[in-house]
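All remarks here apply to the structure that follows.
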Amino acid sequence: MNYRHFDLNLLIVLDALLEEGGVNATARRLGMSQPNVSFALSKLRAQFEDELLIRVGNTMQPTALGQSVREPLRKMLASLEDEIFAQRTFDPTSSDRRFTISTSDIGELVFLPRLMFELAVRAPGITLQSRSMAPDELQAAMADGAVDLALGYFPDLDGSNFLTQKLFDHPFACIARADHPHANVGWSLQTFLGLGHIVVAQRGRSQELFEAKLREMGLSRRIQLQSPHFMSVPLLVAGSDLISTVPAAVGGIFATMAHLKVIAPPLPSPMISLQQFWHRRAQDDPAVLWLRRLIAELFLGRDPSPTSA
Numbered sequence: 249m250n251y252r253h254f255d256l257n258l259l260i261v262l263d264a265l266l267e268e269g270g271v272n273a274t275a276r277r278l279g280m281s282q283p284n285v286s287f288a289l290s291k292l293r294a295q296f297e298d299e300l301l302i303r304v305g306n307t308m309q310p311t312a313l314g315q316s317v318r319e320p321l322r323k324m325l326a327s328l329e330d331e332i333f334a335q336r337t338f339d340p341t342s343s344d345r346r347f348t349i350s351t352s353d354i355g356e357l358v359f360l361p362r363l364m365f366e367l368a369v370r371a372p373g374i375t376l377q378s379r380s381m382a383p384d385e386l387q388a389a390m391a392d393g394a395v396d397l398a399l400g401y402f403p404d405l406d407g408s409n410f411l412t413q414k415l416f417d418h419p420f421a422c423i424a425r426a427d428h429p430h431a432n433v434g435w436s437l438q439t440f441l442g443l444g445h446i447v448v449a450q451r452g453r454s455q456e457l458f459e460a461k462l463r464e465m466g467l468s469r470r471i472q473l474q475s476p477h478f479m480s481v482p483l484l485v486a487g488s489d490l491i492s493t494v495p496a497a498v499g500g501i502f503a504t505m506a507h508l509k510v511i512a513p514p515l516p517s518p519m520i521s522l523q524q525f526w527h528r529r530a531q532d533d534p535a536v537l538w539l540r541r542l543i544a545e546l547f548l549g550r551d552p553s554p555t556s557a
């Protein structure tokens with residue numbers, strides 16, 4: 249038998265014939281016409297060089313060869329169903345899959361509380377691993393499947409192999425300690441630029457957008473502290489007269505962590521386009537597709553910043 253040219257669909261017909269013991273019953277089971285089942289049986293007999301089933305009274309009985317392939321054939325088809333075809337479906341209620349996402353520390357603040365709550369309700373066996381990675385490292389990790397999704401602002405993920413869905417546009421806001429001399433009276437652009445600023449500097453991150461806006465307007469501010477970390481900012485601001493400009497949702501979260509006030513900046517705020525990104529290799533992965541749809545349901549068009557309506 250030449251296996252290279254064997255039509256594997258015929259094995260499904262053979263399995264049904266051996267189980268049902270007749271052409272008519274097999275046709276009903278498989279949703280095929282009787283002539284098509286008979287034609288398939290003829291092809292099977294030619295391939296195996298054996299009758300496979302012979303008529304005995306009102307039924308068809310397997311030949312010795314037909315009987316010998318019956319159990320191995322059943323196991324093979326069951327294995328295909330369980331190990332290969334079943335992977336094309338995804339049941340979140342019973343899955344114990346661990347997803348790996350890449351987001352920044354402030355991305356965790358914005359996305360993960362709500363996402364983790366929904367996962368606990370809808371898919372309690374699923375776990376998440378969050379990783380913060382340099383742009384080059386992230387591209388490689390997504391290409392080899394080590395990272396399923398990236399959430400946030402990732403301008404470097406712009407190649408043809410990266411697919412995106414925009415979730416929402418997001419403004420910036422300023423934070424200052426609640427009893428800051430200018431917290432309740434507002435500030436002019438000149439006052440804003442003259443105050444001491446904490447600036448978070450991260451390559452390829454949203455803060456670059458605000459810096460670009462200042463350069464575009466020909467402005468510069470008095471930077472007293474530059475740090476790569478967001479999480480130290482609320483305590484630093486709360487304990488000083490320094491201010492910081494951060495994504496608005498993060499400012500709202502920081503205000504609940506320390507005695508801070510969120511204030512609109514005295515200049516037009518650039519908008520951060522927050523998106524979810526995935527590699528083309530994961531486009532048809534049922535599990536990743538489910539997670540993407542959940543994230544879209546939770547965040548698409550739903551800017552969590554306190555300034556959005």
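Counted the way our numbering counts, the sequence shown spans residues 249 to 557. Where a beta carbon is used, it is the ideal one built from N, C-alpha and C, also for glycine.
Please list, in chain order, all residues of the same chain as residue i whose beta carbon is under 7 angstroms from its beta carbon, the five residues on each side excluded.
i, result
"Arg550", "Phe416"
"Phe254", "Gln295"
"His226", "Here the chain comprises residues numbered 249 to 557, so residue 226 is not present and cannot be evaluated."
"Gln282", "Val271, Asn272 and Ala275"
Using CA atoms only, rank isn't needed, just tell me which of the options is closest to residue i.
i, options, result
"Met519", "Arg322, Val369 and Glu456", "Glu456"
"Val498", "Ser475, Cys422 and Arg541", "Cys422"
"His527", "Ser454, Gly400, His477 and Ala394", "Ala394"
"His430", "Leu405, Ser488 and Leu462", "Ser488"
"Thr504", "Ile260, Arg303, Thr337 and Ala424", "Ala424"
"Leu462", "Phe440, Leu473 and Arg318", "Phe440"
"Gln438", "Leu376, Asn432, Ala486 and Leu515", "Leu515"
"Gly270", "Arg345, Ser286 and Leu259", "Ser286"
"Ala273", "Leu467, Leu321, Asp404 and Met308", "Met308"
"Lys414", "Asn257, Gly279 and Leu548", "Leu548"
"Arg469", "Glu319, Ala460 and Arg453", "Ala460"
"Glu464", "Ala371, Ser517 and Leu328", "Ser517"
"Gly466", "Gln472, Phe458 and Leu473", "Phe458"
"Ser436", "Ser521, Ala512 and Glu319", "Ala512"
"Thr337", "Asp533, Tyr401, Arg370 and Arg541", "Asp533"
"Ser558", "Ala530, Ala371 and Asn284", "This structure gives no information on residue 558, because the portion of the chain shown stretches from 249 to 557."
"Ser316", "Leu266, Asp392 and Phe365", "Leu266"
"Ala388", "Asp404, Thr375, Arg318 and Asn306", "Asp404"
Looking only at its chain, what residues have a beta carbon closer than 8 angstroms to the beta carbon of residue i, apart from the 5 residues adjacent to it on each side?
i, result
"Ser380", "Ser350, Thr351, Ser352 and Asp353"
"Asp298", "Thr311, Leu313 and Gly314"
"Leu539", "Phe347, Asp396 and Leu397"
"Leu325", "Leu259, Ile260 and Asp263"
"Glu356", "Ser378"
Where does residue i sit, in a helix, a strand or coil, going by DSSP?
i, result
"Ile491", "strand"
"Arg345", "coil"
"Ser556", "Annotation note: pLDDT 47 at Ser556 (below 50); position unreliable, coordinate value reported separately. In this structure, Ser556 counts as coil in the three-state DSSP scheme."
"Leu539", "helix"
"Ala398", "strand"
"Gln531", "coil"
"Asp255", "coil"
"Ile260", "helix"
"Met280", "coil"
"Pro513", "coil"
"Leu443", "coil"
"Asp392", "coil"
"Asp384", "helix"
"Ala371", "coil"
"Leu548", "coil"
"Phe338", "coil"
Per DSSP, residue i forms a beta bridge with which residues?
i, result
"Phe448", "Here the sequence assigns Val to residue 448, which means Phe is not the residue at that position. Val448 is bridged to Ser475."
"Arg379", "Ser350"
"Phe416", "Leu522"
"His430", "Its beta-bridge partners do not exist; DSSP assigns none."
"Arg425", "Leu508"
"Ala273", "Ala273 pairs with nothing; no bridge assigned."
"Leu558", "No statement about residue 558 is possible, as the shown extent of the chain runs from 249 to 557 and does not include it."
Leaving out the 5 sequence neighbours to the left and right, which residues in its chain are closer than 6 angstroms to residue i when beta-carbon positions are compared?
i, result
"Ile543", "Gln524"
"Leu443", "Ile491"
"Phe478", "Asp353, Ile354 and Val448"
"Leu473", "Ile446"
How about residue i: is its Cβ closer than 6 angstroms to a heavy atom in the ligand SAH?
i, result
"Asn409", "With respect to small molecules bound, the structure shown includes none, and the ligand SAH cannot be examined in it."
Restricting to runs no shorter than 3 residues, where is the beta strand (DSSP E) found entirely within the stretch 466 to 511?
470 to 475, 491 to 495 and 508 to 511
Mind listing, in chain order, the continuous beta strand (DSSP E) runs of no fewer than 3 residues lying wholly within the stretch 292 to 321?
301 to 304 and 307 to 310
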